[in-house]
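Asks: Submitted below is the structure of interest, expressed as structure tokens.
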Amino acid sequence: MNIFKPSKEQRKHSAEDIYAAFEYQWNYFVLMLLKETDETTTVSFELHDDVDKQTDEAITLYQIKHSVQKNAEGKTINLSDRDSDLWKTLSNWMEFIDAQPEMLVNASFILVTNKKVLDNQFVKALKAFQKNHDLDEFKSTIEVIKTREKKKGSELKDSSSESKNKPKKKGIDVSKIISDLLNLSNLDVFCEKITFSETDDILKEAIKKRMKNRFGLNEHRVDWVYGQIMTSLKDDAIELIENRKPVSYTGGVFAEKYHSVLDIGRSKIYFRSDYTYADFNGNPKELLFMKQLFNIRDTNENDIERIMELTVRWLSFNNNFNEHWNNNAIIQDDVDRLTQNVCSRWRTCHHSKHRRLPQDCSDEDLCNAGCDTVDEMRKEQFSLAGTNLEQSESEGCLYYYSNSSTDIIPELPLIGWHRDWKQKFINTDE
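Just so it is clear: in the sequence shown, position 44 is 43 by numbering that gives the first Met the number 0, and no numbers are missing.
The structure is reproduced here in structure tokens:
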């Protein structure tokens, strides 16, 4: 199976860190795509930065920093004053400016992180500068961060000989980066361009919400659309990477590339209600659901009008169900959800009506319990793909699930009315 390869920076961390950081970065990229609707704006992944957004006039660079570390209260740790995520990001941006100084005028820089930034002294100094434009005050605050002794915390030396023999891990030189920043010739312009975006630990729900609101998705289809688009985007990205092409999309990529997925995600189903007995071909007495009703004496085999009425209810649901399936108006998730609801309610009802019957009860008692079960279930109202079914369609749904196997649900029948319905009717085509 193809997977994305982590960057050199990501490979320095644990497997958990790598996976979480990469997923976070990718999810933020998708979130930016969803937010962008301008056809002329391009959003890229791992091109000029972790994520970047370009127009003809400007570019915005996004550094995505994610942490799985928690504090004593179980919350994500703060972005500390000498945090490597902060200063490595600033270093990367200074390298970008150094390589393309003309880009600074039309560039913006955003550090996106799930760490808390409220108490970070650099962030406070930056926001103060962007209000009062006092560069000397800003520099003084940063100098304090530079000269402040780095907290040792977990870096305290281990007195054991084994620890002493271990090679020290080389980290970034925060003090040097601060010096480089303070000596930047266009520091004031650079600082005006920097912002921070504090986000949730997990972006999955934010992506779903954005998809639902932007495309007007059926509430019951959001998870399906999310799965389809996220999988397809990753597959496309892998193909682009393998062909040494940038992973870049314009803001309108979803409307163009995934219109078929979005159409299904937006669709609401409508049931035809004009079916009549004339639309049925065959002998209704041979339908398995009808045999089940005959068996418990719910319906008399000589009651032609009743048989025709129930046949039309089954036919209406059956034909609508098949039509929507064939037209991709309903998907497997919709079918599974309906099946789960029908079977769950049926199990409760069937058990309730039969639980007090002794094993050697009379046939009349069994028939009465079966009739009570089907009568109770006929009061239920089901929904399909987020659309509530009319009462007659819900009843037809019961007959569908107590009838013979179909291409959509080969396991039918899944429900029955008699206590011993499985022995009597399952795997029976007659």
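The beta-carbon is built from N, C-alpha and C at its ideal position, and this holds for glycine as well.
Verify whether the separation of the beta carbon atoms of Asn91 and Gln53 is less than 8 Å.
Replies: For Asn91 and Gln53, no; Cβs fall outside 8 Å.
Asks: Is the CB-CB distance between Glu392 and Phe288 below 8 Å?
Replies: Their beta carbons are not under 8 Å apart, which means Glu392 does not touch Phe288 by this criterion.
Asks: Going by Cα to Cα distance, which pick from Thr198, Glu191 and Phe95 is closest to Lys115?
Replies: The shortest Cα separation from Lys115 among Thr198, Glu191 and Phe95 belongs to Thr198.
Asks: Which residue or residues does DSSP assign as beta-bridge partners of Leu110?
Replies: Looking at the DSSP assignment, Leu110 forms a beta bridge with Gln62 and Phe195.
Asks: Considering only their Cβ atoms, is the gap separating Arg296 from Cys396 smaller than 8 Å?
Replies: No, they are not a contact pair.
Asks: For the putative contact between Phe189 and Leu183, defined by C-beta atoms under 8 Å, what is the C-beta separation to the nearest angstrom?
Replies: Yes, Phe189 and Leu183 are in contact; Cβ-Cβ is about 6 Å, under 8 Å.
Asks: Assign Ser160 to one of three DSSP states: helix, strand, or coil.
Replies: In this prediction, Ser160 has a pLDDT of 39, which is less than 50 and means its spatial position is unreliable; what the coordinates show is noted afterwards. Of the three classes helix, strand and coil, the one that applies to Ser160 here is helix, per DSSP.
Asks: How close, in whole Å, do the beta carbons of His65 and Tyr18 come, if the pair is a contact with beta carbons under 8 Å?
Replies: No, His65 and Tyr18 are not in contact; Cβ-Cβ is about 10 Å, not under 8 Å.
Asks: Report the residue from Glu94, Leu85, Trp25 and Met102 whose alpha carbon sits nearest the alpha carbon of Leu125.
Replies: Minimum Cα distance to Leu125 is reached at Leu85.
Asks: Can you give the Cα-Cα distance for His323 and Leu309, rounded to whole angstroms?
Replies: One C-alpha to the other measures close to 22 Å.
Asks: For Val221, I'd like the list of residues in its chain whose CB is within less than 6 Å of its CB, leaving aside the five on either flank, ordered along the chain.
Replies: So the list reads Lys207 and Lys211, once near-sequence residues are dropped.
Asks: Looking at the structure shown, is Ile17 part of a helix, part of a strand, or coil, going by DSSP?
Replies: Three-state result, Ile17: helix.
Asks: Which whole runs of the beta strand (DSSP E) in the segment 36–101 are 3 residues long or more, in chain order?
Replies: With a minimum length of 3 residues, the continuous beta strand (DSSP E) runs that stay inside the segment 36–101 are 41–44, 50–53 and 58–64.
Asks: Helix, strand or coil: which one does DSSP assign to Glu115?
Replies: Position check: residue 115 holds Lys in this sequence, whereas Glu was assumed. In this structure, Lys115 counts as strand in the three-state DSSP scheme.
Asks: Considering Thr338, what are the terminal residues of the beta strand (DSSP E) in which it resides?
Replies: Looking at the DSSP string, Thr338 is not in any beta strand (DSSP E); the run it does join, the alpha helix (DSSP H), is Gln331 to His353.
Asks: Does Ile201 have its Cβ less than 8 Å from a Cβ in chain C?
Replies: As a matter of chain content, chain C is missing from the structure shown, which is built from one protein chain.
Asks: Measuring only the C-alpha atoms, how far is Val250 from Ile176?
Replies: A small fix is needed here, since residue 250 is Gly in this sequence, not Val. Straight-line Cα distance between these residues: approximately 35 Å.
Asks: I believe Arg209 touches Leu30 by the beta-carbon criterion, under 8 Å. Please report the beta-carbon distance rounded to the nearest angstrom.
Replies: About 6 Å; that satisfies the 8 Å criterion.
Asks: Rounded to the nearest angstrom, what separates Ser315 and Val252 at their Cα positions?
Replies: Approximately 39 Å, taken between the alpha carbons.
Asks: Where does Thr249 fall in DSSP's three states?
Replies: Note: Thr249 maps to strand in three-state DSSP.
Asks: In chain order, what residues of the same chain have a beta carbon less than 8 Å from the beta carbon of Ile141, not counting five sequence neighbours either side?
Replies: Around Ile141: Phe121, Ala124, Ile177, Leu180 and Leu181.
Asks: Determine, using beta carbons only, whether Leu134 and Leu186 come nearer to each other than 8 Å.
Replies: Yes.
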